[in-house]
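FYI, in the numbering used here the residues of the sequence shown are 2 to 276.
Just so you know, even glycine gets a beta-carbon here, dropped at the ideal spot from N, CA and C.
Just below is one structure, and these are the notes that go with it.
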Amino acid sequence: MPSSAPVQGGDACSLIPPASRTPMVVGNWKMNGRYGDAVRLAQLVVDRLERGWRNRVEVVMCPPFTALRGVSNVVAFDKSFAKVGAQNCHSEEWGAFTGEVSPPMLADLDCAWCIVGHSERRALFGETDSDVVAKCTALARSGVSPIVCVGEPVEVYDAGQTVEYVADQVRRSLAGATLTGVDLAVAYEPVWAIGSGRTPSPEHVQAVAAAIRAAVAEVRCEKRAASARVLYGGSVKRGNAATFTACPDVDGVLVGGDSLDAEAFVEIVERVMDA
Ligand code: PGA
């Protein structure tokens with residue numbers, strides 16, 4: 002689609018102020034921790050975040066649904082600048098959807114962000130690009146910003162087709178969504194790098210991040226592409242976080258395993274902030 006094509010779905014391009022692209026560090030706790038463990042972890046993270054970092058980095062903790070209220074309470078009580086995010090949502094607001102959790106429910110628990118289309122959800126729970134579009138629209142209606150995950154399987158990486166594959170995923174996950182009034186983050190997470198200890202080179206990550214931004218410009222608009230945060234995820238550790246965020250189109254990281262260790266996670270925050 003040429004960049005002059007009309008934007009599909011509604012967008013907030015005219016409402017979003019010019020990009021400042023504050024670096025962002027997101028902790029995806031996945032299905033880990035009982036309620037008490039999650040509250041303790043949130044408290045340890047919040048205790049380590051220095052007040053002076055408030056405008057220099059955006060920190061988001063994404064616990065399981067069961068701990069969202071507890072983590073939100075820790076953040077509110079501490080008046081921390083940390084934000085709370087969910088790991089998934091349903092695309093309807095209310096109704097007969099046994100076991101599901103909707104965007105208005107997340108907003109009610111002070112979630113600022115929600116991860117959508119994580120590769121584990123795509124692979125294990127059949128989440129499709131069109132589900133991602135519907136979820137993004139539903140989240141925006143409740144004022145919750147989406148973190149849209151994309152990334153290639155190892156065969157695509159080995160065949161050298163990552164850029165085309167990921168750009169296509171971005172187009173199909175965002176064209177037609179209505180994002181009025183919310184921020185957007187797109188996380189590039191190579192499926193083969195998640196939890197494996199293997200990571201792509203910073204040069205590869207930069208090339209993919211630039212392609213992601215171009216694809217966002219194509220299906221949304223230039224302003225949205227300029228303000229969207231592009232994150233890298235997949236075996237991010239304190240030792241490698243800064244190498245990714247030094248890339249001009251990479252605005253932060255999405256951390257799985259190391260987000261469960263408060264000390265490691267906050268060290269990643271520091272390194273990203275200073276990169
Ligand atoms: P990892 O997970 O940091 O443990 O590789 C990243 C993710 O799945 O978001």
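Any alpha helix (DSSP H) of 4 or more consecutive residues that is wholly inside the stretch 31-70
36-49
N- and C-terminal bounds of the alpha helix (DSSP H) containing residue 107:
104-109
Does any heavy atom of the ligand PGA sit closer than 7 Å to the C-beta of residue 237?
Indeed, a heavy atom of the ligand PGA lies less than 7 Å from the Cβ.
How is the alpha helix (DSSP H) around residue 80 delimited, first residue to last?
Counting along the chain, residue 80 falls outside any alpha helix (DSSP H), and DSSP gives it neither H nor E.
Indicate the three-state DSSP secondary structure (helix, strand or coil) for residue 241 in the structure shown.
coil
Checking the sheet assignment: what are the DSSP bridge partners for residue 189?
Residue 189 has 151 and 233 as its beta-bridge partners, per DSSP.
Residue 136, buried or exposed, once every other Cβ within 10 Å from all chains shown has been counted against 16:
buried
Member of 58, 48 and 36 whose CA lies at the smallest distance from the CA of residue 274
58
Can residue 89 be considered in contact with the ligand PGA, in the sense that its beta carbon sits closer than 7 Å to one or more heavy atoms?
no
List the DSSP bridge partners of residue 146.
114
Please state if the CB of residue 214 and the CB of residue 250 are separated by a distance shorter than 8 Å.
yes
Using the rule of at least 16 other Cβ atoms within 10 Å of the residue's Cβ for burial, across every protein chain shown, is residue 125 buried or exposed?
exposed
If we ignore side chains and look at the alpha-carbon of each, how far apart do residue 109 and residue 160 end up?
Taking the straight line from one Cα to the other gives about 44 Å.
Quick check on residue 29: does DSSP put it in helix, strand or coil?
Collapsing the DSSP output to three states places residue 29 in a strand.
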